[in-house]
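Step one of this worksheet: look at the structure below.
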Amino acid sequence: MNIVHLSYPHHTNDSVISGPFSLAIGFFDGVHLGHREVIGHAKQIATEAGLKLAVMTFDPHPSIVLGKRNEKVFYITPLDQKMELLESMGVDTTFVVRFTSDFAQLTPEKFVQTFIRQLHVKHVTAGFDFTFGAFGKGNMNVMRQLANDDFNVSVVEKKSDEYEKISSTRIRQALTEGDMEKVHELLGRPFQIPGVVVHGDKRGRTIGFPTANIQAKEGSYIPATGVYAVRMLIQDEWVDGVCNVGYKPTFKNPDEKTLTIEVHLFNFDKNIYGEEVSVDWYHHIRDERKFDGIDSLKQQIEKDKQTAIAFFQE
(Lines of atoms letter the chains of each structure in order from A; the text may use other names.)
(Lines give C-alpha, C1' and ligand atoms only; values in the text may rest on other atoms or scores of the structure.)
Protein backbone atom coordinates (compact mmCIF):
# COMPACT_ATOMS: atom_id res chain seq x y z
CA MET A 5 0.00 0.00 0.00
CA ASN A 6 1.24 3.46 -0.93
CA ILE A 7 1.10 5.91 2.01
CA VAL A 8 1.14 9.58 0.99
CA HIS A 9 1.46 12.29 3.64
CA LEU A 10 -0.20 15.57 2.68
CA SER A 11 -0.24 18.99 4.27
CA TYR A 12 -1.58 22.44 3.53
CA PRO A 13 -0.38 24.81 2.15
CA HIS A 14 2.67 22.66 1.36
CA HIS A 15 1.48 19.88 -0.91
CA THR A 16 3.10 16.72 -2.19
CA ASN A 17 4.81 15.96 -5.45
CA ASP A 18 2.24 14.70 -7.99
CA SER A 19 4.72 12.04 -9.10
CA VAL A 20 3.97 9.96 -5.98
CA ILE A 21 0.21 10.02 -6.71
CA SER A 22 -1.06 7.52 -9.25
CA GLY A 23 -4.80 7.66 -9.74
CA PRO A 24 -7.53 7.88 -10.75
CA PHE A 25 -9.11 6.97 -7.41
CA SER A 26 -12.27 5.88 -5.75
CA LEU A 27 -11.76 7.61 -2.39
CA ALA A 28 -13.22 6.78 1.04
CA ILE A 29 -12.81 9.74 3.36
CA GLY A 30 -13.06 10.01 7.16
CA PHE A 31 -10.99 9.87 10.32
CA PHE A 32 -11.71 6.13 10.70
CA ASP A 33 -10.44 5.69 14.28
CA GLY A 34 -10.96 2.02 15.05
CA VAL A 35 -11.74 1.05 11.44
CA HIS A 36 -14.96 -0.36 12.92
CA LEU A 37 -17.90 -1.95 11.11
CA GLY A 38 -19.35 1.42 10.13
CA HIS A 39 -16.02 2.54 8.69
CA ARG A 40 -15.66 -0.76 6.86
CA GLU A 41 -19.01 -0.16 5.19
CA VAL A 42 -17.77 3.18 3.83
CA ILE A 43 -14.46 1.71 2.63
CA GLY A 44 -16.22 -1.36 1.24
CA HIS A 45 -18.53 0.83 -0.84
CA ALA A 46 -15.55 2.76 -2.21
CA LYS A 47 -13.88 -0.56 -3.02
CA GLN A 48 -16.95 -1.75 -4.92
CA ILE A 49 -16.97 1.47 -6.95
CA ALA A 50 -13.24 1.07 -7.65
CA THR A 51 -13.80 -2.45 -8.96
CA GLU A 52 -16.77 -1.51 -11.13
CA ALA A 53 -15.22 1.65 -12.57
CA GLY A 54 -11.65 0.42 -12.96
CA LEU A 55 -10.29 2.87 -10.38
CA LYS A 56 -7.70 2.50 -7.64
CA LEU A 57 -8.99 2.30 -4.07
CA ALA A 58 -7.81 5.13 -1.83
CA VAL A 59 -8.57 6.22 1.73
CA MET A 60 -8.09 9.70 3.16
CA THR A 61 -7.61 10.06 6.90
CA PHE A 62 -6.27 12.79 9.17
CA ASP A 63 -3.55 13.15 11.78
CA PRO A 64 -3.61 14.23 14.55
CA HIS A 65 -7.20 14.01 15.75
CA PRO A 66 -9.10 17.19 14.77
CA SER A 67 -10.13 17.76 18.40
CA ILE A 68 -6.51 18.63 19.24
CA VAL A 69 -6.65 21.60 16.88
CA LEU A 70 -10.34 22.49 16.96
CA GLY A 71 -10.79 21.97 20.70
CA LYS A 72 -7.39 23.39 21.64
CA ARG A 73 -6.86 20.35 23.84
CA ASN A 74 -3.60 20.13 25.76
CA GLU A 75 -4.07 16.60 27.08
CA LYS A 76 -2.92 13.60 25.08
CA VAL A 77 -5.48 12.01 22.75
CA PHE A 78 -5.66 8.22 22.78
CA TYR A 79 -6.64 6.29 19.68
CA ILE A 80 -8.54 3.04 19.25
CA THR A 81 -6.14 2.43 16.37
CA PRO A 82 -2.89 4.43 16.42
CA LEU A 83 -1.83 5.56 12.96
CA ASP A 84 0.56 2.66 12.22
CA GLN A 85 -2.09 0.13 13.20
CA LYS A 86 -4.71 1.93 11.12
CA MET A 87 -2.38 1.68 8.11
CA GLU A 88 -2.00 -2.08 8.64
CA LEU A 89 -5.78 -2.55 8.80
CA LEU A 90 -6.36 -0.50 5.66
CA GLU A 91 -3.72 -2.45 3.78
CA SER A 92 -5.39 -5.71 4.84
CA MET A 93 -8.62 -4.40 3.26
CA GLY A 94 -6.98 -4.04 -0.12
CA VAL A 95 -6.49 -0.26 -0.11
CA ASP A 96 -4.05 0.85 -2.82
CA THR A 97 -3.21 4.32 -1.46
CA THR A 98 -3.82 6.03 1.86
CA PHE A 99 -3.60 9.81 2.06
CA VAL A 100 -2.71 10.98 5.57
CA VAL A 101 -3.59 14.66 5.78
CA ARG A 102 -1.86 16.67 8.49
CA PHE A 103 -4.63 18.38 10.45
CA THR A 104 -3.34 21.87 11.27
CA SER A 105 -4.87 25.26 12.01
CA ASP A 106 -4.32 26.30 8.38
CA PHE A 107 -5.98 23.14 7.13
CA ALA A 108 -8.93 23.63 9.50
CA GLN A 109 -9.57 27.09 7.98
CA LEU A 110 -9.96 25.87 4.40
CA THR A 111 -13.24 26.71 2.72
CA PRO A 112 -15.19 23.71 1.43
CA GLU A 113 -14.41 24.90 -2.13
CA LYS A 114 -10.66 25.01 -1.45
CA PHE A 115 -10.75 21.62 0.26
CA VAL A 116 -12.43 20.02 -2.76
CA GLN A 117 -10.05 21.68 -5.20
CA THR A 118 -6.89 20.75 -3.27
CA PHE A 119 -7.72 17.38 -1.75
CA ILE A 120 -10.18 15.92 -4.25
CA ARG A 121 -9.63 17.29 -7.78
CA GLN A 122 -5.86 17.68 -7.56
CA LEU A 123 -5.52 14.10 -6.30
CA HIS A 124 -7.27 12.70 -9.39
CA VAL A 125 -10.28 11.46 -7.42
CA LYS A 126 -13.19 10.33 -9.60
CA HIS A 127 -15.52 9.07 -6.88
CA VAL A 128 -15.85 10.13 -3.22
CA THR A 129 -17.52 7.98 -0.57
CA ALA A 130 -18.12 9.10 3.01
CA GLY A 131 -20.47 8.55 5.90
CA PHE A 132 -23.69 10.53 6.20
CA ASP A 133 -22.25 12.71 8.97
CA PHE A 134 -18.88 13.56 7.39
CA THR A 135 -18.10 17.29 7.32
CA PHE A 136 -15.18 19.25 5.89
CA GLY A 137 -13.94 22.80 5.56
CA ALA A 138 -13.87 25.60 8.12
CA PHE A 139 -16.40 25.17 10.93
CA GLY A 140 -17.65 21.98 9.28
CA LYS A 141 -19.57 24.02 6.72
CA GLY A 142 -19.10 21.36 4.08
CA ASN A 143 -21.28 18.25 4.23
CA MET A 144 -21.95 15.57 1.64
CA ASN A 145 -24.69 17.62 -0.03
CA VAL A 146 -22.17 20.43 -0.44
CA MET A 147 -19.67 17.89 -1.79
CA ARG A 148 -22.19 16.93 -4.49
CA GLN A 149 -22.80 20.56 -5.38
CA LEU A 150 -19.09 21.26 -5.68
CA ALA A 151 -18.40 18.20 -7.82
CA ASN A 152 -19.59 19.89 -11.05
CA ASP A 153 -19.58 16.49 -12.77
CA ASP A 154 -15.81 16.22 -12.22
CA PHE A 155 -16.36 13.36 -9.77
CA ASN A 156 -19.22 11.34 -8.32
CA VAL A 157 -20.30 11.21 -4.69
CA SER A 158 -21.76 8.40 -2.57
CA VAL A 159 -23.10 8.74 0.95
CA VAL A 160 -23.23 5.70 3.23
CA GLU A 161 -26.05 5.88 5.77
CA LYS A 162 -25.40 5.10 9.41
CA LYS A 163 -24.72 1.49 10.37
CA SER A 164 -26.42 0.46 13.59
CA ASP A 165 -26.68 -2.59 15.78
CA GLU A 166 -29.84 -3.42 17.69
CA TYR A 167 -29.30 -0.40 19.93
CA GLU A 168 -27.86 2.59 18.08
CA LYS A 169 -25.28 3.84 15.59
CA ILE A 170 -21.93 2.04 15.60
CA SER A 171 -19.37 4.69 16.49
CA SER A 172 -15.87 5.26 17.86
CA THR A 173 -17.50 7.00 20.84
CA ARG A 174 -19.40 3.84 21.78
CA ILE A 175 -16.23 1.76 21.43
CA ARG A 176 -14.32 4.09 23.75
CA GLN A 177 -17.14 3.90 26.28
CA ALA A 178 -17.08 0.11 26.18
CA LEU A 179 -13.29 0.17 26.64
CA THR A 180 -13.64 2.35 29.74
CA GLU A 181 -16.09 -0.25 31.10
CA GLY A 182 -13.88 -3.22 30.17
CA ASP A 183 -16.66 -4.66 28.00
CA MET A 184 -14.42 -6.39 25.47
CA GLU A 185 -17.23 -8.46 23.97
CA LYS A 186 -19.09 -5.25 23.04
CA VAL A 187 -15.88 -3.77 21.62
CA HIS A 188 -15.34 -6.95 19.57
CA GLU A 189 -18.91 -6.74 18.29
CA LEU A 190 -18.58 -3.08 17.22
CA LEU A 191 -15.14 -3.46 15.67
CA GLY A 192 -15.88 -6.76 13.96
CA ARG A 193 -12.63 -8.11 15.44
CA PRO A 194 -10.95 -8.27 18.86
CA PHE A 195 -9.57 -5.03 20.24
CA GLN A 196 -5.81 -5.00 19.77
CA ILE A 197 -2.95 -3.10 21.35
CA PRO A 198 0.51 -3.21 19.72
CA GLY A 199 3.52 -2.86 21.98
CA VAL A 200 6.97 -3.99 23.05
CA VAL A 201 7.98 -6.40 25.84
CA VAL A 202 10.02 -4.47 28.41
CA HIS A 203 11.61 -5.29 31.74
CA GLY A 204 9.32 -5.10 34.75
CA ASP A 205 9.91 -5.82 38.43
CA LYS A 206 9.95 -9.60 37.69
CA ARG A 207 7.81 -10.27 40.76
CA GLY A 208 5.47 -12.60 38.86
CA ARG A 209 8.28 -15.07 38.26
CA THR A 210 8.96 -15.33 42.00
CA ILE A 211 5.36 -16.38 42.71
CA GLY A 212 5.10 -18.89 39.87
CA PHE A 213 3.35 -16.70 37.30
CA PRO A 214 5.97 -15.07 35.06
CA THR A 215 4.59 -12.18 33.05
CA ALA A 216 5.51 -10.20 29.97
CA ASN A 217 5.44 -6.49 30.77
CA ILE A 218 3.98 -4.69 27.74
CA GLN A 219 4.78 -1.11 26.85
CA ALA A 220 1.86 -0.13 24.64
CA LYS A 221 2.47 1.89 21.50
CA GLU A 222 2.22 5.56 22.34
CA GLY A 223 -1.31 6.90 21.99
CA SER A 224 -2.99 3.49 22.43
CA TYR A 225 -6.32 3.42 24.25
CA ILE A 226 -5.91 1.23 27.34
CA PRO A 227 -9.02 -0.63 28.60
CA ALA A 228 -10.33 -0.30 32.15
CA THR A 229 -8.14 -1.68 34.92
CA GLY A 230 -8.75 -5.32 35.71
CA VAL A 231 -7.94 -8.86 34.64
CA TYR A 232 -8.67 -10.10 31.11
CA ALA A 233 -8.49 -13.19 28.93
CA VAL A 234 -6.17 -12.23 26.07
CA ARG A 235 -4.19 -13.64 23.16
CA MET A 236 -0.76 -12.31 22.31
CA LEU A 237 0.99 -12.45 18.96
CA ILE A 238 4.65 -13.11 19.60
CA GLN A 239 7.16 -14.26 16.99
CA ASP A 240 4.33 -15.11 14.54
CA GLU A 241 2.56 -17.29 17.12
CA TRP A 242 -0.70 -16.61 18.94
CA VAL A 243 -0.51 -17.61 22.61
CA ASP A 244 -3.41 -17.57 25.10
CA GLY A 245 -2.92 -15.75 28.36
CA VAL A 246 -4.34 -13.74 31.21
CA CYS A 247 -3.58 -10.03 31.50
CA ASN A 248 -3.63 -7.61 34.40
CA VAL A 249 -4.04 -3.91 33.67
CA GLY A 250 -3.58 -1.71 36.67
CA TYR A 251 -1.46 -0.41 39.49
CA LYS A 252 -0.67 -3.65 41.39
CA PRO A 253 -2.15 -2.47 44.71
CA THR A 254 -0.99 -5.61 46.57
CA PHE A 255 2.62 -4.56 46.08
CA LYS A 256 2.58 -0.86 45.30
CA ASN A 257 2.12 2.21 47.45
CA PRO A 258 -1.37 3.59 46.68
CA ASP A 259 0.25 6.92 45.84
CA GLU A 260 2.31 5.32 43.04
CA LYS A 261 0.16 5.65 39.94
CA THR A 262 2.13 3.81 37.26
CA LEU A 263 -0.19 1.83 35.03
CA THR A 264 1.18 -1.53 33.90
CA ILE A 265 0.05 -4.15 31.38
CA GLU A 266 1.29 -7.61 32.36
CA VAL A 267 0.49 -10.80 30.45
CA HIS A 268 0.96 -14.30 31.84
CA LEU A 269 1.18 -16.62 28.83
CA PHE A 270 0.06 -20.25 29.02
CA ASN A 271 2.54 -22.96 28.04
CA PHE A 272 5.15 -20.45 26.96
CA ASP A 273 8.69 -20.11 28.25
CA LYS A 274 10.90 -17.96 26.02
CA ASN A 275 12.98 -14.86 26.59
CA ILE A 276 11.07 -12.23 24.63
CA TYR A 277 12.40 -8.94 25.99
CA GLY A 278 12.47 -6.32 23.25
CA GLU A 279 10.06 -8.22 21.01
CA GLU A 280 7.27 -6.35 19.24
CA VAL A 281 3.94 -7.96 20.13
CA SER A 282 0.21 -7.44 19.71
CA VAL A 283 -2.32 -8.17 22.45
CA ASP A 284 -5.91 -9.09 21.51
CA TRP A 285 -8.45 -8.53 24.29
CA TYR A 286 -11.40 -10.91 24.61
CA HIS A 287 -13.04 -11.02 28.04
CA HIS A 288 -13.03 -9.08 31.32
CA ILE A 289 -12.59 -11.57 34.16
CA ARG A 290 -12.64 -9.32 37.22
CA ASP A 291 -11.71 -5.91 38.56
CA GLU A 292 -8.28 -5.26 40.00
CA ARG A 293 -8.16 -5.45 43.81
CA LYS A 294 -5.71 -5.55 46.68
CA PHE A 295 -5.02 -8.91 48.37
CA ASP A 296 -4.06 -9.47 51.97
CA GLY A 297 -1.03 -11.60 51.11
CA ILE A 298 0.95 -13.48 48.47
CA ASP A 299 -0.90 -16.78 49.00
CA SER A 300 -4.34 -15.31 48.39
CA LEU A 301 -2.99 -13.48 45.33
CA LYS A 302 -1.53 -16.70 43.91
CA GLN A 303 -4.81 -18.54 44.46
CA GLN A 304 -6.72 -15.81 42.63
CA ILE A 305 -4.28 -15.73 39.71
CA GLU A 306 -4.70 -19.48 39.31
CA LYS A 307 -8.49 -19.00 39.27
CA ASP A 308 -8.12 -16.24 36.70
CA LYS A 309 -5.92 -18.49 34.58
CA GLN A 310 -8.48 -21.31 34.67
CA THR A 311 -11.26 -18.85 33.80
CA ALA A 312 -9.31 -17.68 30.75
CA ILE A 313 -8.53 -21.26 29.68
CA ALA A 314 -12.20 -22.17 29.95
CA PHE A 315 -13.19 -19.06 27.98
CA PHE A 316 -10.93 -19.95 25.05
CA GLN A 317 -12.12 -23.56 25.08
CA GLU A 318 -15.75 -22.56 24.60
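Under the working numbering, the first residue of the sequence shown is numbered 5, with each subsequent residue one higher. For every residue, glycine included, the Cβ atom is placed at its ideal position computed from N, Cα and C. Keep in mind it's a predicted model, so treat the numbers as computed, not measured.
Note to self: Distance check for residue 185 and residue 92, CA to CA, integer angstroms please.
What the structure shows: 23 Å
Item checked: Own chain partners of residue 170 with C-beta closer than 7 Å, once the 5 adjacent residues on each side are dropped -> 36, 37, 38, 163, 164, 190
Check: According to DSSP, which residues form a beta bridge with residue 9?
Finding: Residue 9 is bridged to 100.
Checklist line | Coil, strand or helix - residue 223 by DSSP | finding: coil
Notebook entry, point to check: Per DSSP, residue 235 forms a beta bridge with which residues?
Noted result: 244, 284
Notebook entry, point to check: Would you report the Cα separation of residue 94 and residue 232, rounded to the nearest angstrom?
Noted result: 32 Å
Notebook entry, point to check: How about residue 196 and residue 116: are their beta carbons less than 8 Å apart?
Noted result: no
Check: Which residue comes first and which comes last in the beta strand (DSSP E) that contains residue 199?
Finding: Boundaries of the beta strand (DSSP E) harbouring residue 199: 195-202, taken from the DSSP string.
Item checked: Cβ separation of residue 158 and residue 276, assumed to be a contact under 8 Å, to the nearest whole Å -> Contact doesn't hold; Cβ gap of about 46 Å is too wide.
Check: Would DSSP call residue 191 helix, strand or coil?
Finding: Reduced to three states, the DSSP call for residue 191 is helix.
Check: Going by C-alpha distance, which of 89, 241, 245, 82 is nearest residue 235?
Finding: 245
Next item on the list: In angstroms with no decimal places, state the Cα-to-Cα distance between residue 323 and residue 121.
Entry: Limits of the chain in this structure are 5 at one end and 318 at the other, which puts residue 323 out of reach.
Notebook entry, point to check: Taking the alpha carbon of residue 306 as the point to measure from, which residue in 183, 269, 143, 193 has its own alpha carbon closest?
Noted result: 269
Margin query: How far does the alpha helix (DSSP H) with residue 115 in it extend, from its first residue to its last?
Written below: 112-119
Item checked: C-alpha gap between residue 32 and residue 61, whole angstroms -> 7 Å
Next item on the list: Mind reading off the beta-carbon distance from residue 155 to residue 126? Whole number of angstroms is fine, and I expect it under 8 Å.
Entry: 5 Å
Check: Does DSSP classify residue 263 as helix, strand or coil?
Finding: Of the three classes helix, strand and coil, the one that applies to residue 263 here is coil, per DSSP.
Next item on the list: Classify residue 289 as buried or exposed, calling it buried when 16 or more other Cβ atoms lie within 10 Å of its own Cβ.
Entry: buried
Note to self: Looking at the strands, I want to know which residues DSSP matches up with residue 129.
What the structure shows: 28, 158
Check: What did DSSP end up calling residue 217 once you bin it into helix, strand or coil?
Finding: strand
Margin query: Within 10 Å of its beta-carbon, does residue 263 have 16 or more other beta-carbons around it, so buried, or fewer, so exposed?
Written below: exposed
Margin query: Given this structure, state the Cα-to-Cα distance separating residue 7 from residue 86, to the nearest angstrom.
Written below: When rounded, the distance between both Cα atoms is 12 Å.
Note to self: Quick check: residue 200 and residue 219, are their CB atoms within less than 8 Å of each other?
What the structure shows: yes
Note to self: To the nearest angstrom, how far is the alpha carbon of residue 226 from that of residue 175?
What the structure shows: 12 Å
Notebook entry, point to check: On the three-state DSSP scale, how would you describe residue 49?
Noted result: Taken through DSSP and simplified to helix, strand or coil, residue 49 comes out as helix.
Check: Between the Cα of residue 128 and the Cα atoms of 318, 59, 68, which residue gives the shortest distance?
Finding: Closest in C-alpha terms to residue 128, from the list 318, 59, 68, comes 59.
Item checked: Cross-strand partners of residue 14 (DSSP beta bridge) -> DSSP lists no bridge partner for residue 14.
Item checked: Reference residue 247; option with closest CA among 145, 239, 241, 228 -> 228
Margin query: So, at 7 Å on beta carbons, what are the nonlocal neighbours of residue 68 in its own chain, with the 5 sequence-adjacent residues on each side left out?
Written below: 77
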